[in-house]
Amino acid sequence: MAIAGAASSEGAAINAVCLAEICVGEKQPGMAADRIRSWGVEILDVPAAAADVCARAYVQYCARRQRQSRKDSPRTPLPDFFIGAHAEIMGWTLATADPSRIRTYFPAVRLLTP
1 MAIAGAASSE
11 GAAINAVCLA
21 EICVGEKQPG
31 MAADRIRSWG
41 VEILDVPAAA
51 ADVCARAYVQ
61 YCARRQRQSR
71 KDSPRTPLPD
81 FFIGAHAEIM
91 GWTLATADPS
101 RIRTYFPAVR
111 LLTP
């Protein structure tokens, strides 16, 4: 309810990374954007300014993962890092059901959790 309330009063948006994650689970991925827009949710591109923030956070994640588990990380940042960086540079509150990674690597981002 908190997320729905915030979206109805402040508006809501997702970025292209979120849209791609949603499309993966869709029978008709090409229809997802139109359906999401019909709910009043704006779809945004990830700004280039988020790249540096994303990369710095991901480097920290990779180093921590290597120290803790000796496992290598994918060479390309995971979607949560693009999403967190976008929220950070815009000063937005981020709605998420999995806040731990965002809290760890983007502590300045305000979170809204169910």
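With this note's numbering, letter number 2 in the sequence shown gets 2, and the count goes up by one each step, no holes. Virtual Cβ for every residue (Gly too), placed ideally from N, Cα, C. Small disclaimer: the values here were computed from a predicted structure and weren't measured.
Going by the DSSP bridge assignment, what does residue i pair with across the sheet?
{"i": "LEU78", "result": "LEU78 is not bridged to any residue."}
{"i": "ARG70", "result": "According to DSSP, ARG70 bridges with nothing at all."}
{"i": "ARG116", "result": "In this structure the chain extends from 1 to 114, so residue 116 is not present and cannot be described."}
Provide the residue span of the beta strand (DSSP E) that contains residue i, from first to last.
{"i": "THR115", "result": "Residue coverage of the chain in this structure runs from 1 to 114, which leaves residue 115 outside it and unanswerable."}
{"i": "ARG37", "result": "Segment 29-38 is the alpha helix (DSSP H) holding ARG37; no beta strand (DSSP E) there."}
{"i": "VAL41", "result": "41-44"}
Counting only the same chain and skipping the five closest in sequence on each side, list residues whose C-beta sits under 7 Å from that of residue i.
{"i": "ALA33", "result": "LEU19 and ILE43"}
{"i": "VAL41", "result": "ALA12, ALA13 and ILE14"}
{"i": "LYS71", "result": "ARG65"}
Starting from residue i and walking both ways along the alpha helix (DSSP H), at which residues does that stretch end?
{"i": "GLU21", "result": "16-24"}
Report all residues from its chain with a CB closer than 8 Å to the CB of residue i; omit the five preceding and five following residues, and keep chain order.
{"i": "ALA16", "result": "ILE43, LEU44, ASP45 and VAL46"}
{"i": "ILE89", "result": "PRO47, ALA49, ALA50 and VAL53"}
{"i": "PHE82", "result": "ASN15, VAL17, VAL46, ALA50 and CYS54"}
{"i": "PRO99", "result": "LEU111 and THR113"}
Quick check: is any heavy atom of the ligand GDP less than 6 Å from the C-beta of residue i?
{"i": "ALA33", "result": "Absence of the ligand GDP from the depicted structure is noted, as is the absence of any ligand whatsoever, leaving it without description."}
In chain order, what residues of the same chain have a beta carbon less than 6 Å from the beta carbon of residue i, not counting five sequence neighbours either side?
{"i": "CYS62", "result": "SER73"}
If I'm right that residue i touches residue j with Cβ under 8 Å, what's the distance once you round it to whole angstroms?
{"i": "TYR105", "j": "GLY84", "result": "6 Å"}
Check: Does the count of Cβ pairs from the stretch 48-59 and the stretch 16-32 closer than 8 Å reach three?
Finding: They do not touch, by the three-pair rule.
Check: Is the stretch 86-96 in contact with the stretch 59-67, if contact means three or more CB pairs nearer than 8 Å?
Finding: no
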